[in-house]
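Student: With the first letter of the sequence shown counted as 1, position 92 gets the number 136 in the numbering used here; the numbers rise by one all the way through. Glycine included, every Cβ here is placed at the ideal spot set by N, Cα and C.
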Amino acid sequence: MSVDVQWISGEATVQQAAQVMRDRSMGFLVVFDPKLNRLSGVVTDRDLALRVCAENKPSDKTSVADVATPEVLTCAAQDDLAVAEASMVAIKVARIVVLDGDGRPAGVISLTDILSRDSKGRAVDTARGVLSREAEGPHQPIDQIKLTPSTAKDEAAAMSHESVSRGSWTGSMKEFPG
């Protein structure tokens, strides 16, 4: 478990959240309400990409609370690791927030934590369970996915040109630690 829990207030902007993630080389923050002294969600780099960038929301005016995932998988600090692993597999998420006796975040257990510290060989089973959504049958090829624009203007623009790559992209990708 990582005990250095990184948190951000729901009142912060997503731009501030992205800067914290960049500066601390992480893709996950606990959303904590210091006024109420309670966990109110989590925000990931994926949330920022899908709920801010893809929706063209202004990052300096959109609050973390508006894009955070409010349903957080948690376990108690005294729970056995097997309980946490079973919950992660059941919900198919790669992180679980560990709460102390007062319901405050005390740590985060990630799939990476489990895999890197596995001594009994069961981490692979947990990883398979968490990642099984990727293996749940065939996925529609990306070039066959039809996007539904949100406005008639967007639809007209999408139909007027073929600017979306259909598997012919030959650029490079940079992998960032996370």
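Quick one: Cα of residue 65 to Cα of residue 90, how far?
Tutor: Straight-line Cα distance between these residues: approximately 11 Å.
Student: Starting from the N-terminal side, write out each stretch of the alpha helix (DSSP H) that is 4 residues or longer and does not extend beyond the segment 92-124.
Tutor: If we require 4 residues or more, the alpha helix (DSSP H) runs fully inside the segment 92-124 come out as 108-111.
Student: Tell me the rounded alpha-carbon separation between residue 151 and residue 102.
Tutor: Using only the alpha carbons, I get a separation of about 31 Å.
Student: What's the call for residue 167, buried or exposed, on a 16-neighbour Cβ count within 10 Å?
Tutor: With 16 or more other Cβ atoms within 10 Å, it is buried.
Student: May I ask you to report which of helix, strand or coil DSSP gives residue 49?
Tutor: Here residue 49 sits in coil by DSSP.
Student: Kindly indicate which residue of 117, 96, 116, 160 has the alpha-carbon position closest to the one of residue 107.
Tutor: Answer by Cα proximity: 96.
Student: Have a look at the DSSP bridge pairing and note the partners of residue 149.
Tutor: DSSP output for residue 149 lists 143 as bridge partner(s).
Student: Would you decide whether residue 147 is buried or exposed? Buried here means 16 or more other CB atoms lie within 10 Å of its CB.
Tutor: The residue is exposed, with fewer than 16 neighbouring Cβ atoms inside 10 Å.
Student: At the level of alpha carbons, what is the spacing between residue 85 and residue 50?
Tutor: Each residue's Cα considered, the two are about 13 Å apart.
Student: Confirm, please, whether the CB-CB distance from residue 174 to residue 138 is below 7 Å.
Tutor: In contact: residue 138 and residue 174 (Cβ atoms closer than 7 Å).
Student: To the nearest angstrom, how far is the alpha carbon of residue 54 from that of residue 169?
Tutor: Approximately 34 Å, taken between the alpha carbons.
Student: Based on the DSSP secondary-structure assignment, which residues constitute the bridge partners of residue 77?
Tutor: 82, per the DSSP bridge assignment.
Student: Does DSSP put residue 186 in a helix, in a strand, or in coil?
Tutor: Residue placement at residue 186 cannot be trusted, given a pLDDT of 49 that sits under 50; what the coordinates show is reported in the next sentence. If DSSP states are grouped into helix, strand and coil, residue 186 belongs with the helices.
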